[in-house]
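Residue numbers (the numbering used here), protein chains in the order written: chain A, 34 to 243; chain B, 34 to 243; chain C, 34 to 243; chain D, 34 to 243.
Every residue gets a Cβ at the ideal spot worked out from N, C-alpha and C, and that includes glycine.
Before any comments, here is the structure.
Number of protein chains: 4
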Amino acid sequence: METHAGTEAKQRRGRRPAAEVRAEVLAAAAALMYADGLPAVTFERVAVRSGASKTTIYKWWPSPGALAAEAYFVTNKTELQFPDTGDLANDVRAQLRAFVQLLTQSGSGRIIAELIGTAQTDQDLSAAVSKHYTMPRRILAIRYFQQAVKRGQLRDDADLGLLVDQLWGACYNRLLIPDAPLDQKFADALVKNTLVGAASSTYRSLLLGT
Amino acid sequence: METHAGTEAKQRRGRRPAAEVRAEVLAAAAALMYADGLPAVTFERVAVRSGASKTTIYKWWPSPGALAAEAYFVTNKTELQFPDTGDLANDVRAQLRAFVQLLTQSGSGRIIAELIGTAQTDQDLSAAVSKHYTMPRRILAIRYFQQAVKRGQLRDDADLGLLVDQLWGACYNRLLIPDAPLDQKFADALVKNTLVGAASSTYRSLLLGT
Amino acid sequence: METHAGTEAKQRRGRRPAAEVRAEVLAAAAALMYADGLPAVTFERVAVRSGASKTTIYKWWPSPGALAAEAYFVTNKTELQFPDTGDLANDVRAQLRAFVQLLTQSGSGRIIAELIGTAQTDQDLSAAVSKHYTMPRRILAIRYFQQAVKRGQLRDDADLGLLVDQLWGACYNRLLIPDAPLDQKFADALVKNTLVGAASSTYRSLLLGT
Amino acid sequence: METHAGTEAKQRRGRRPAAEVRAEVLAAAAALMYADGLPAVTFERVAVRSGASKTTIYKWWPSPGALAAEAYFVTNKTELQFPDTGDLANDVRAQLRAFVQLLTQSGSGRIIAELIGTAQTDQDLSAAVSKHYTMPRRILAIRYFQQAVKRGQLRDDADLGLLVDQLWGACYNRLLIPDAPLDQKFADALVKNTLVGAASSTYRSLLLGT
DNA sequence: TACTAACCGAGACGGTACGTCCCGTCTTGAG
DNA sequence: CTCAAGACGGGACGTACCGTCTCGGTTAGTA
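And the structure:
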């Protein structure tokens, strides 16, 4: 309690409030991540930068990737919402445009790519990304699509989960395997094709006619 | 021991043919990769296992990832082909089924995922994957789609590159972000929806009618 | 398990008698020491093994070494005695043989060596060893020697403290710096030489004659 | 690259001559040891102070203690010699006085004590101390005693190794277990008693008479 | 054919991160 | 309100890897 204040060199031994430490660790991880990318988020550097000890960090996060993931999610607590105006194409287009915007304009694109990339060899990170990021968004989209089915905008037999992979998955694909550009035009075309299909009318009839 | 000095310990003196060394390095990298995954492919271990020196390996590959990529491509020289029977849906479905098969049944799935994952933080690997793997396959698919346009099976204004992302990209998405299963059923539904669209007939007319 | 919550997990709440806790701590320390040597006696492990908290242990012992020392002394409460039959050589020989026996046959040898060793860099342990172990034995020996002087078996001007170092100290030397064997033969020779000296009779006369 | 010299920040990567590195490591270890005692000699600190990497240090020394030992021996390359003037008592007294001097006056006493102490729980250090320090000195003393036997100054049946333990061992005992002072008076008394024995003349006759 | 010069692979080096263990201090929550 | 349970900062351990650089043996070029 420092009755006689003034000690300050010897400070910082012993226990500090957990919440305080956690916040500092996450802040340090976020700073490193935004500055130098995911590989810069090591337990070692985070410990030094945050003033926390490695022991403490190991107690709370299973891997540097998982720590980075939480740091990202905490600093990017975007409202999870999928506005429903009743106009399927418009709503989805708006969502996808925003998503492409996020991946390309802000610094988030690289970080998300690195998170997903690292998750391929880090089970804990993979679980964290799925639980706190991709899965909630998938569920939200599917709920919206269920409404669209009720409104008669989507076929009754449409595979709603598949739509997510065709729309957002295609964007992730262009993010992670950049053989083709990821932009608004792509988003718009994606929405259209997913809804109306790429087949010519004659071939379409053939496919459905059977 | 070593009564006749140099019988086999000294074997490795003098310079060996570059091609021979390269082959051994790639073989060692492949063995490590299949046994313990991509993180096991380090210059250090490959050097020990292959008998080559680190210096040599550094001369030829810019990063462990790039070495692993080449090791994978060399040991998986699948024929690049896209059989064209004239039946668009069937041809694409066959391709996608084979692709899903590759990603799920063989050990390739994990390795491809790890390669793409690591490529997010390894420019050299990213370039190698694109140049030797994804890009050639994208071009092949687009060429096929161009034939399908000529045959009147795809709309004239269809974005052919986008189709690749919707079909293969969706598969990669389920591989890299495993929130939903990647199987034959998914492949089939993917083909159908990409060609005919998910919109109900009424909403489809609305979208196209305008 | 735990149908009625807290049946035995919560057992350790409320304060337990200090004596009981002390005993458990010492028992845990002794167990660790005999099993894995002195370095295994850490506050951390003793706390876990004994169920006591580190705070408690810190309150009673200044260092792991001091704790280990007490654990050893408590479990080895050998009667402090120096039987006096009146026969100096026999009495001392018996004592020394028993001492060598202790150091070599039982597991005590290693532990005593480690205690003295660690005491070189642990003031508290050094003090504990001296106070509870070496010093009492030194005093006992000196008292016996004083009797021997009175009986006319030792020279009046003999340095009695020095005799302790020559007898027991030599044994400690062979324990701590094992360049030569520590056995009964050594003990016997030690006693003889300490009493009669190593000089030849002529050289002895020369030395004393002056 | 770096055709134009002058870079100096990037220096110190890659390999440096082994001898140079070894010397710097030993110097750093010695400095730490003399300044703060043996516990200050950790691989970590030595690495930082010497500029060498931990990997390198681990390659050459099995434990911090062994490193410290070598650092001590290197900086204290005292001539190994045992001057033989033909006067046994004088020669031994001179040696012992010098030894006591070393242990008490210079800073060596504490270091030797800590080395021997740590050796109790460090096999590698124990071996190093024996091989490079105690054993050579023991042999030297025994050689001298053999000459004294030839000269008729020591009894023919004297156990020469035992004399070492009685003389130097007793000193080590007072160093390591400081229950009694270690000084010149002690050294002198030690020499005398070891040669002529502590028994009174009557008791001595009794002992020998048998 | 001997003899030297250039080259190149084997592997030692500095740097950095990993994950673990321990010490000594301090917050916190159970009694 | 007290005190032990145990979380915290600090720091060392021993290992693995990266990327750089020295060293010494081989080969090729000279006498």
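With three or more CB-CB distances shorter than 8 angstroms, the region 139 to 148 of chain A counts as touching the region 101 to 110 of chain A. Contacts with chain A at 9 angstroms (Cβ-Cβ) do not include residue 55 (chain B). Around residue 122 (chain A), the same chain offers 224, 225, 228 as residues with beta carbons nearer than 8 angstroms, after the five sequence neighbours per side are excluded. Around the C-beta of residue 189 (chain D), fewer than 16 other C-beta atoms lie within 10 Å, and the residue is accordingly described as exposed. In terms of beta-carbon proximity, residue 97 (chain B) stays away from the interface with chain A, with every pair separated by 9 angstroms or more.
Annotation: the continuous alpha helix (DSSP H) that includes residue 217 (chain B) extends over 217 to 229. At least one C-beta of chain C is nearer than 9 angstroms to the C-beta of residue 171 (chain D). Interface residue (Cβ-Cβ distance to chain D less than 9 angstroms): residue 133 (chain C) is not classified as such.
Distance between residue 182 (chain D) and residue 240 (chain C), taken at the CA atoms: about 16 angstroms.
Rounded to whole angstroms, residue 186 (chain B) and residue 132 (chain B) show a C-alpha spacing of 22 angstroms. Between residue 130 (chain D) and residue 69 (chain D), the gap from beta carbon to beta carbon reaches 9 angstroms or more. For residue 152 (chain D), the secondary structure class from DSSP, reduced to helix, strand or coil, is helix.
A check of alpha carbon separations from residue 115 (chain B) across B:195, B:205, B:180 identifies B:180 as the nearest. Think of a sphere of 9 angstroms around the beta carbon of residue 219 (chain B): the chain A residues whose beta carbon falls inside it are 192, 194, 195, 198, in chain order. In this structure, the beta-carbon distance from residue 101 (chain A) to residue 136 (chain A) does not fall below 9 angstroms. For the 9 angstroms CB-CB criterion, residue 205 (chain B) and residue 202 (chain A) form a contact. Under the Cβ criterion of 9 angstroms, residue 237 (chain C) is counted among the residues facing chain D. In the three-state scheme derived from DSSP, where H, G and I count as helix and E and B as strand, residue 187 (chain B) is classed as strand. If you check each beta-carbon in the region 147 to 165 of chain D against every beta-carbon of chain C, the ones closer than 8 angstroms belong to 147, 149, 150, 151, 152, 153, 154, 159, 162, 163. Secondary structure at residue 232 (chain B): strand, using DSSP grouped into helix, strand and coil. Here residue 74 (chain C) is buried: its Cβ has 16 or more other Cβ atoms, across all protein chains shown, within 10 Å. DSSP places residue 212 (chain B) outside both helix and strand once states are collapsed to three, so it counts as coil. When C-beta distances to chain C are compared with 7 angstroms, the residues of the region 201 to 218 of chain D below that value are 202, 203, 205, 206, 207, 209, 210, 212, 213, in chain order.
At the C-beta level, residue 96 (chain D) and residue 155 (chain D) come within 9 angstroms of one another. Contact note: residue 233 (chain A) reaches chain B through 185, 186, 187, 188, using a C-beta cutoff of 7 angstroms and chain order. In the structure shown, residue 164 (chain C) adopts helical secondary structure according to DSSP, grouped into three states. Taking 9 angstroms as the upper bound on Cβ-Cβ separation, chain A lies near residues 121, 122 of the region 111 to 142 of chain B. Chain D has a Cβ within less than 9 angstroms of the Cβ of residue 222 (chain C). Taking residue 173 (chain D) as the centre and dropping the five residues before and after it, the same chain places the C-beta of 113, 114, 115 closer than 8 angstroms to its C-beta, in chain order.
For residue 92 (chain A), the nearest beta carbon of chain B is not closer than 9 angstroms to its own beta carbon. Residue environment for residue 56 (chain C): exposed (fewer than 16 other C-beta atoms within 10 angstroms of its C-beta).
Around residue 169 (chain A), the same chain offers 113 as residues with beta carbons nearer than 8 angstroms, after the five sequence neighbours per side are excluded.
In the displayed model, residue 206 (chain A) falls within a helix according to three-state DSSP.
Non-local beta-carbon contacts of residue 196 (chain A) in its own chain, meaning distances under 7 angstroms to residues more than five positions away in sequence, involve 178, 227 in chain order.
Put simply, the CB of residue 226 (chain C) is near chain D, with a gap under 9 angstroms to one of its CB atoms. The C-beta of residue 167 (chain D) has 16 or more other C-beta atoms within 10 Å across all chains shown, which makes the residue buried.
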